[in-house]
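Protein chains: 2
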Amino acid sequence: MDKDKDLRQKVHDTGGRMTRQRRIVLEALASVTSHPTAAELYDLVRERLPSISPGTVYRNLRVLKELGYAQELCFGSHASRFDANVENHYHIRCERCGRVADVDADPDTDLDHRVGTPPGWTVTGYRLEFRGLCPDCKRAQEHSDDQEGETQ
Amino acid sequence: MDKDKDLRQKVHDTGGRMTRQRRIVLEALASVTSHPTAAELYDLVRERLPSISPGTVYRNLRVLKELGYAQELCFGSHASRFDANVENHYHIRCERCGRVADVDADPDTDLDHRVGTPPGWTVTGYRLEFRGLCPDCKRAQEHSDDQEGETQ
DNA sequence: CTGCTAACGCGAACTGTTAGCAATTATACC
DNA sequence: GGTATAATTGCTAACAGTTCGCGTTAGCAG
Numbered sequence: 001m002d003k004d005k006d007l008r009q010k011v012h013d014t015g016g017r018m019t020r021q022r023r024i025v026l027e028a029l030a031s032v033t034s035h036p037t038a039a040e041l042y043d044l045v046r047e048r049l050p051s052i053s054p055g056t057v058y059r060n061l062r063v064l065k066e067l068g069y070a071q072e073l074c075f076g077s078h079a080s081r082f083d084a085n086v087e088n089h090y091h092i093r094c095e096r097c098g099r100v101a102d103v104d105a106d107p108d109t110d111l112d113h114r115v116g117t118p119p120g121w122t123v124t125g126y127r128l129e130f131r132g133l134c135p136d137c138k139r140a141q142e143h144s145d146d147q148e149g150e151t152q
Numbered sequence: 001m002d003k004d005k006d007l008r009q010k011v012h013d014t015g016g017r018m019t020r021q022r023r024i025v026l027e028a029l030a031s032v033t034s035h036p037t038a039a040e041l042y043d044l045v046r047e048r049l050p051s052i053s054p055g056t057v058y059r060n061l062r063v064l065k066e067l068g069y070a071q072e073l074c075f076g077s078h079a080s081r082f083d084a085n086v087e088n089h090y091h092i093r094c095e096r097c098g099r100v101a102d103v104d105a106d107p108d109t110d111l112d113h114r115v116g117t118p119p120g121w122t123v124t125g126y127r128l129e130f131r132g133l134c135p136d137c138k139r140a141q142e143h144s145d146d147q148e149g150e151t152q
């Protein structure tokens, strides 16, 4: 992949270095589509680099974000999730387990122009996120539904 | 207002008590349209009840939320903001100062049906939030723009 | 009025994340 | 290749926002 070259270049251009840790953090993020949290990514990276520290993962995620190689997805007060797919696309988050998946929708939606901006404000963008139940949690929910009143 | 009666009833129905603190937290939240954070609300409440503790504000915000008397607005990793207006409406958040305002838009948008749900998932809703600059920050930005090359 | 217990105030704990610092190491230069 | 140098590491401590545990206070049903 020449994305690797691109990144290396960009890192160098900004006076940075391509360390083992940095490379592996990015590779790990790029290797999954699960939109991991920093902690999940830390676990993943540790499989290849057992002595890496959480701080390094956070640091490198920030760098990758700044260089446009990752995006951060914030969902409420929960831990941020990260995505190596920086294309404009939407996400859906499971209300029960927090898992995140990609949503197919044309990001054509020029919502920010069809909207009643409050007086004096300038709209620069928007965030659209779906909420729902992932397959696993839907199943779990159904089971607890017909077995007993168990909510949650 | 008979909203007060409603709430009192609901609180009692769920085995709760209408304490001075709980009533005042709600009144304070209902009295502003600024979408305060818990900390801001704490300050506001303290004007009337100087000895209230932050924990009590958090507790009561949770209760009010559960009873449908307040909604929580989560913006990224920042502190949650709260809104006594539980009608379906959208928000815009200032990128510079974090201030939140209401947006006029018909929430008719049946986005959740026009969207390519990932296989096995169920969509239960969505969150749409706008991002922008509030009047104050826009002014500040413009000033720093023509006085010096100051970007950002 | 009395008793039960939900809710309070306090402080400590917890989670997700960032900052400071000495030790390490990728890179530029010879 | 070897060497200097400063970006990056791993560590620990700090931080913000929020929740929890606990002994005390006070709503409210009887």
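Chains as they are written, first to last, in our numbering: chain A, 1 to 152; chain B, 1 to 152.
By construction, the Cβ of each residue, glycine as well, lies at the ideal position given by its N, Cα and C atoms.
- Take Thr37 (chain B), set aside five residues on each side of it, and the residues of its chain with a beta-carbon closer than 7 Å to its own are Ala79, Ser80 and Arg81, in chain order.
- With respect to chain A, the C-beta atom of Ser80 (chain B) has a partner C-beta closer than 8 Å.
- In this structure, Val11 (chain B) and Arg20 (chain B) do not form a Cβ contact; the two beta carbons are roughly 13 Å apart against a cut-off of 8 Å.
- When Cβ pairs closer than 8 Å are counted between the two stretches, the segment 87-95 of chain A is seen not to touch the segment 47-55 of chain A, the count staying below three.
- The beta carbon of Arg48 (chain B) lies closer than 6 Å to those of Ile24 in the same chain, with the five residues before and after it left out.
- The continuous stretches of beta strand (DSSP E) do not include Asp43 (chain B), which lies in the alpha helix (DSSP H) extending over residues Ala38 to Arg48.
- The distance from the Cβ of Arg131 (chain A) to that of Tyr126 (chain B) is about 6 Å, consistent with a contact at the 8 Å cut-off.
- Checking the DSSP bridge columns, you'll see Arg127 (chain A) partnered with B:Glu129.
- Of all alpha-carbon atoms in B:Asp4, B:Asp102 and B:Ala140, the one lying nearest the alpha-carbon of Pro119 (chain A) is that of B:Asp102.
- Going by DSSP, Arg93 (chain A) is part of no alpha helix (DSSP H) but of the beta strand (DSSP E) stretching over Tyr90 to Cys94.
- Of the residues B:Cys137, B:Pro135 and B:Asp13, the one whose Cα lies closest to the Cα of Glu66 (chain B) is B:Asp13.
- Between the alpha carbons of Glu72 (chain B) and Asp83 (chain B) lies a gap of roughly 6 Å.
- Going by beta carbons, Leu133 (chain A) and Thr33 (chain B) fall outside the 8 Å limit.
- The criterion of a C-beta distance shorter than 8 Å is not satisfied by Glu129 (chain A) and Arg96 (chain A).
- DSSP places Arg81 (chain A) in the uninterrupted beta strand (DSSP E) bounded by Arg81 to Asp83.
- Gly55 (chain B) is not bridged by DSSP to any residue.
- Leu73 (chain A) carries a strand assignment under DSSP once its states are collapsed to helix, strand and coil.
- Separation of Leu41 (chain A) and Gly15 (chain A) (C-alpha to C-alpha, rounded to the nearest whole angstrom) is 25 Å.
- In the three-state reduction of the DSSP assignment, Val63 (chain A) falls in the helix class, which pools H, G and I.
- Think of a sphere of 9 Å around the beta carbon of Leu7 (chain A): no beta carbon from chain B falls inside it, the nearest being about 24 Å out.
- A direct Cα-Cα distance of roughly 17 Å separates Val115 (chain A) from Pro135 (chain B).
- Counting other Cβ atoms within 10 Å of its Cβ, Arg22 (chain B) reaches 16 or more and is therefore classed as buried.
- Neighbours of Arg131 (chain B) across chain A, judged by C-beta separation under 8 Å: Val123, Thr124, Gly125, Tyr126 and Arg127.
- Inside the segment 12-38 of chain B, DSSP marks whole alpha helix (DSSP H) runs of 4 or more residues at positions 20-30, from first to last along the chain.
- Checking the DSSP bridge columns, you'll see Thr122 (chain B) partnered with A:Leu133.
- Excluding its 5 nearest sequence neighbours in each direction, Phe75 (chain A) has C-beta neighbours in its own chain below 8 Å: Arg81, Arg93, Gly98, Val100 and Glu129, listed in chain order.
- Residues of chain A with a Cβ closer than 8 Å to the Cβ of Gly120 (chain B) are, in chain order, Cys134, Pro135 and Lys138.
- Interface flag for Glu87 (chain B) against chain A is unset, since no Cβ pair is found closer than 8 Å.
- In the three-state reduction of the DSSP assignment, Ala101 (chain A) falls in the strand class.
- Taking 8 Å as the threshold, the shortest C-beta distance from Ala70 (chain B) to chain A does not fall below it.
- With respect to Thr117 (chain B), Lys138 (chain A) sits apart: the two C-beta atoms are not nearer than 8 Å.
- Ranked by how close their Cα comes to the Cα of Leu26 (chain B), the residues B:Ser77, B:Asn60, B:Asp104 and B:Lys5 have B:Asn60 in first place.
- Partner residues in the beta bridge of Gly116 (chain A), as assigned by DSSP, are B:Asp104.
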